[in-house]
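Contents: one structure, followed by commentary.
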Amino acid sequence: MSAARVSGGAFRVGTLLGIPIRIHFTFFLLLLWFGMSSASTGEGFLTGVVFILLLFGCVVLHELGHAAMARRFGVETREIVLYPIGGVARLERIPSGKAELLIALAGPLVNLVLAGMLVAWLVARQVQVSFSPQDLLAGGAPVVWQLLTANLTLFFFNLVPAFPMDGGRILRAILSMYAGQEKATRIAARVGQAFALLFALWAIVPPVKPVFLLIAFFVFVGAGQEAAYERSRSALAGLTARNAMITRYETIAPQEALGRAAELLLASHQQDFPVVDAWGRVAGLLQRGRLLAALATPGGRERAVLEVMDREPQTVSADMPLEAVLRHLQSRPLQPILVIGQEGGTTGLVGMITLDNLGEMIQIAQSSKPA
Ligand code: ZN
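Reading the sequence shown from the start, the letters are residues 2 to 372 in our numbering.
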């Protein structure tokens, strides 16, 4: 899935294949809820928690499947985030055509392989079936059987051709081989929303299934987001950071006092100030929030900018395609990006880009494009 692009509220728990794995805080609520509900069915709190941890182990492997295939196409994965409704592998970029098809397929295939391994294990141990299918659904079956069912469910569920599920990407990738990328996305998004509506209808038929209603909602919104994202992406095609950057802005030197920055803040619309040293090199970024917090401390106006600034601001090269800049911005939407380029023979700050001004750029590009 790739519904949410901002990963606030997620804790880093480790690194696999060099990719940070993070868990969203709401995931712990799911653990608690599952533990308590299996305690109430007499299975024990721990059994419920262990099952969920194993299940999400399978979800991580699914996402690593996407990441490993993406790496074969030269695309790195910035992070894998686990949400209660599934995982997200955040790729640096999503390639089109055959690459997208294989990357999308790799995740569900991992679940199929895991299911195969579980079956092999059950056969090898000659495990007798001593429970009814109802037990399986109600959670009364052994954990191995529950995991087998879960992996098969993950396999089939993800193949439903609806964004943001893998099946939606598979459909889009196949369509894009015949129609253009934008048209393929539009059709795939419509199909996804139709599935979401069917799903929602099924979920409200008594007994109402609130979890599935929630999933239907996410799929519907995710499909719309994907279509909107593709429209922005195609509007930005062929443009670079240089085309969208703000070129009129104030900078401040690292040794200057915060009092000076306060004057600049009052005198302009600008919220964040690039900190540039005497040689024109970017030393950091002074953000409005940090500035105001520092000014509120005793003697704040006399403190140097360099004590307060963010020393690792996001920077991009002036030649970077805007599509890539958009992805950078979406990962830290509240922070402007500093654009580095050549000017008068020296390399230094040439502009800055905020999500606001990139949004305006997209609107201008879309309205000036022939329909
Ligand atoms: Zn997937």
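We put the beta carbon where it would ideally sit given N, CA and C, even for glycine.
No experiment lies behind these values; they were computed from the predicted model shown.
Residues that DSSP places opposite Glu-183 in a beta bridge | As a first step, residue 183 must be located in the sequence shown, where it is residue number 182. In the DSSP output, where bridge partners are listed per residue, Glu-183 has none listed.
Can you list every residue whose CB sits closer than 6 Å to some heavy atom of the ligand ZN, going in chain order?
-> His-63, His-67, Gly-108, Asn-159, Asp-167
Where does Ala-5 fall in DSSP's three states?
-> Here residue 5 refers to the residue found at position 4 of the sequence shown. Note on Ala-5: pLDDT 37, under 50, position unreliable in the model; no value is reported.
Under the DSSP definition of a beta bridge, which residues are partnered with Glu-344?
-> Counting from 1 along the sequence shown, the entry for residue 344 is found at position 343. Answer is Thr-347, bridged to Glu-344.
Give me the Cα-Cα distance between Pro-207 and Phe-200, rounded to the nearest whole angstrom.
-> If you number the sequence shown from 1, residue 207 lands on position 206. If you number the sequence shown from 1, residue 200 lands on position 199. Going by the C-alpha atoms only, they are around 13 Å apart.
To the nearest angstrom, how far is it from the Cα of Arg-13 to the Cα of Pro-337?
-> In the sequence shown, the residue the question calls residue 13 occupies position 12. In the sequence shown, the residue the question calls residue 337 occupies position 336. Approximately 24 Å between the Cα atoms of the pair.
Beta-carbon spacing of Ala-204, Ala-217 below 7 Å | Here residue 204 refers to the residue found at position 203 when the sequence shown is read from its first residue. Here residue 217 refers to the residue found at position 216 when the sequence shown is read from its first residue. Yes, the Cβ-Cβ distance between Ala-204 and Ala-217 is below 7 Å.
C-alpha distance - Pro-143 paired with Gly-19, whole-angstrom precision | By one-based count along the sequence shown, residue 143 stands at place 142. By one-based count along the sequence shown, residue 19 stands at place 18. Pro-143 and Gly-19: Cα-Cα distance of roughly 34 Å.
6 Å Cβ shell around Ala-105 - same chain, five flanking residues per side excluded | Position 104 of the sequence shown, counting from 1, holds the residue named residue 105. Cβ neighbours of Ala-105 beyond the five flanking positions: Asp-167, Arg-170, Ile-171.
Using the beta-carbon count (16 or more within 10 Å), is Ser-38 buried or exposed?
-> To locate residue 38, count along the sequence shown from 1; it is residue 37. With fewer than 16 other Cβ atoms within 10 Å, it is exposed.
Give the range of the beta strand (DSSP E) segment to which Tyr-84 is assigned.
-> As a working mapping, residue 84 is identified with position 83 in the sequence shown. Note, Tyr-84: beta strand (DSSP E), 78-84.
Give the straight-line distance between the Cα atoms of Phe-1 and Phe-29, rounded to the nearest whole angstrom.
-> Since the first and last residues shown for the chain are 2 and 372, residue 1 lies out of range.
Label Met-353 either buried or exposed according to how many other C-beta atoms from any shown protein chain fall within 10 Å of its C-beta, with 16 as the threshold for buried.
-> Residue numbering aside, residue 353 sits at position 352 when the sequence shown is read from its first letter. It is buried - the Cβ of Met-353 has at least 16 other Cβ atoms within 10 Å.
Using 8 Å as the Cβ pair cut-off and three pairs as the minimum, do the region 181-196 and the region 118-128 touch?
-> no
Leaving out five residues before and five after Ser-269 in sequence, what residues of the same chain have Cβ atoms less than 7 Å from its Cβ?
-> Against the sequence shown, residue 269 aligns to sequence position 268. Excluding sequence neighbours, Ser-269 sits near Glu-251.
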